[in-house]
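Visitor:
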Amino acid sequence: METEQTAQTIEKTQFEWQELYKGIEFCTFFDKSSSSVCNAVKIKLDTQNLKIIASNPVEPFYNNLTSIFKGETTRKFAKNNNAIVAVNATPFNYPAGRLSNKRTLAGIYAVNDIIYAPKAGNYAALVFYQDKHGKFFAKVLDSQNDFEPNDSTRFAFGGFWALIKNNDIIKFDSKQKEPRSAAGIINNGRTLILLAIDKSNFTSKGATFNETSSILYNLGAEEAIMLDGGSSSSLVIDGKQISKAFPHVEVALSFGFVFDEPNDKPKTDESELKESKLDKSEIKP
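Here the sequence shown stands for residues 5 to 289, numbered as in this note's numbering.
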């Protein structure tokens with residue numbers, strides 16, 4: 005009898021992860037079910053000396069008011085902060101028009117117990133906490149209305165909707181294929197997966213919500229959230245723009261990871277990020 009494949013067994017056997025740093029791995033592959041190029045980063049949040057960073061508002065407001073952010077590319081954010089990995093996060097608006105570099109967030113943004121942008125209850129949230137030993141862990145909240153900061157809260161980022169909850173994929177009716185940015189968590193929130201799906205006319209078709217969910221499920225995600233995608237979709241690793249859709253779009257909010265102390269790279273050559281040759285068309289949740 006054929007053994008049923010679970011998300012965990014698929015993730016462990018069907019994807020070729022490359023170690024970039026201790027606790028950080030990278031994987032790139034072509035997903036045949038969506039006809040799209042996918043790039044994923046897996047980050048062990050309890051890695052020693054790992055630190056989370058995020059964009060700061062240029063005009064902070066509190067008490068349920070919306071802070072103002074300066075638009076910048078995720079790549080510039082990563083460069084300015086020496087981020088090893090960076091991704092765009094919360095959807096945003098143009099309060100002064102698209103020619104202005106002012107941005108406001110369409111959803112929650114909190115640092116520790118300070119809320120810089122109000123909740124958008126219809127949308128989900130990705131929240132990072134820190135335990136008594138100083139180790140990070142993450143949770144996906146179905147609704148931003150469920151977010152209440154406490155002593156362990158470090159960051160809360162808004163996104164769009166939850167994609168996976170308690171190992172179950174949430175189904176959507178939309179068939180629209182777009183570039184996507186998404187995040188999944190495994191190991192009870194101790195490991196984070198960041199996923200960027202490209203869209204181009206010839207080499208990558210983008211993905212629907214359901215296709216994005218399936219890819220994250222196959223990567224092992226127990227919970228997942230759709231971040232701001234489309235033209236804002238961006239993933240940067242070691243200063244290199246990995247996602248190719250719209251690298252020059254200036255977003256409101258990016259977050260990323262740095263090390264407080266040096267973390268040596270593995271001795272393997274990372275100049276070429278190898279693509280998995282496995283046929284993902286047969287991998288299904």
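All C-beta atoms, glycine included, are put in the ideal place defined by N, C-alpha and C.
Remember, predicted model here, so these are calculated numbers, not experimental data.
Does Glu215 come out as helix, strand or coil in the three-state DSSP assignment?
Guide: DSSP places Glu215 in helix when its eight states are reduced to three.
Visitor: Per DSSP, what kind of secondary structure is Asp135 in: helix, strand or coil?
Guide: Coil, per DSSP.
Visitor: Gly175 by DSSP, collapsed to three states: which one?
Guide: The sequence shown places Lys at residue 175, rather than the Gly named in the question. Reduced to three states, the DSSP call for Lys175 is coil.
Visitor: Expressed to the nearest angstrom, what Euclidean distance is found between the alpha-carbon atoms of Trp21 and Val45?
Guide: For Trp21 and Val45, the distance between alpha carbons rounds to 9 Å.
Visitor: Please work out which residues of its chain come closer than 6 Å, Cβ to Cβ, to Arg79, disregarding the five sequence neighbours upstream and downstream, and give them in chain order.
Guide: Cβ within range, chain order: Val240 and Gln245.
Visitor: Have a look at Lys203, Pro122 and Ala121 and flag the residue whose alpha-carbon is nearest the alpha-carbon of Ser247.
Guide: The option with the nearest alpha carbon to Ser247 is Lys203.
Visitor: Between the Cα of Ile173 and those of Trp165, Ser235, Asp146 and Ser217, spot the shortest distance and give me the residue it belongs to.
Guide: Of the listed residues, the one whose Cα sits closest to Ile173 is Ser217.
Visitor: Please confirm whether Ile201 and Ala225 have their CB atoms less than 8 Å apart.
Guide: Cβ distance not < 8 Å, so Ile201 and Ala225 don't count as in contact.
Visitor: For Ser104, count neighbouring C-beta atoms within 10 Å of its own C-beta (all shown protein chains included) and say buried if the count is 16 or more, exposed if not.
Guide: Answer is exposed; the Cβ neighbour count stays below 16.
Visitor: Taking the alpha-carbon positions, what's the Ser39 to Arg184 distance?
Guide: Using only the alpha carbons, I get a separation of about 13 Å.
Visitor: Span of the beta strand (DSSP E) holding Lys48?
Guide: Ser40 to Lys48 is the extent of the beta strand (DSSP E) around Lys48.
Visitor: Which residues share a DSSP beta bridge with Val89?
Guide: Ile241 and Phe261, per the DSSP bridge assignment.
Visitor: Nearest to Val144 by CA position, among Ser156, Asn154, Gly138 and Phe164, is which residue?
Guide: For the residues Ser156, Asn154, Gly138 and Phe164, the minimum Cα distance to Val144 belongs to Phe164.
Visitor: Can you list, in chain order, the residues of its chain with a C-beta nearer than 6 Å to that of Val89? Leave out the 5 residues immediately preceding and following it.
Guide: Cβ neighbours of Val89 beyond the five flanking positions: Val45, Ile241, Gly260 and Phe261.
Visitor: Helix, strand or coil for Phe30 per DSSP?
Guide: Strand at Phe30.
Visitor: Distance check for Thr77 and Lys48, CA to CA, integer angstroms please.
Guide: Distance between the alpha carbons of Lys48 and Thr77: 25 Å.
Visitor: Between Ala211 and Phe96, is the Cβ-Cβ spacing less than 8 Å?
Guide: No, the pair does not count as a contact, with Cβ atoms beyond the cut-off.
Visitor: Count the other CB atoms within 10 Å of the CB of Ile118; is the residue buried (16 or more) or exposed (fewer)?
Guide: With fewer than 16 other Cβ atoms within 10 Å, it is exposed.
Visitor: Should Tyr221 go down as buried or exposed, given a rule of 16 or more other Cβ atoms within 10 Å for buried?
Guide: Buried, because 16 or more other Cβ atoms sit within 10 Å of the Cβ of Tyr221.
Visitor: Does the distance from the CB of Pro61 to the CB of Tyr127 come in under 8 Å?
Guide: Not closer than 8 Å, so no.
Visitor: By alpha-carbon positions, which one of Met230, Leu199, Ser235 and Ser236 ends up nearest to Phe34?
Guide: Of Met230, Leu199, Ser235 and Ser236, the residue nearest in Cα terms is Leu199.
Visitor: Between Asp141 and Gly193, is the Cβ-Cβ spacing less than 8 Å?
Guide: Before going on, a small fix: residue 141 reads as Phe here, not Asp. Taking 8 Å as the Cβ cut-off, Phe141 and Gly193 qualify as a contacting pair.
Visitor: Going straight from the alpha carbon of Phe159 to that of Lys179, what length do you get?
Guide: Distance between the alpha carbons of Phe159 and Lys179: 32 Å.
Visitor: Which class does Tyr221 belong to by DSSP, given the choice of helix, strand or coil?
Guide: Note: Tyr221 maps to helix in three-state DSSP.
Visitor: Verify whether the separation of the beta carbon atoms of Gly162 and Thr94 is less than 8 Å.
Guide: Yes, these two residues count as a Cβ contact at 8 Å.
Visitor: Are the CB atoms of Phe81 and Ser237 nearer to each other than 8 Å?
Guide: No, they are not a contact pair.
Visitor: Span of the beta strand (DSSP E) holding Gln22?
Guide: Unbroken beta strand (DSSP E) run through Gln22: Gln22 to Tyr25.
Visitor: According to the Cβ coordinates, are Ala186 and Ala228 closer than 8 Å?
Guide: Against a cut-off of 8 Å, the Cβ pair of Ala228 and Ala186 comes out as a contact.
Visitor: Rounded to whole angstroms, what's the CA-CA distance from Asn214 to Ser147? Just pull it up for me.
Guide: Looking at the two C-alpha atoms, the distance is approximately 19 Å.
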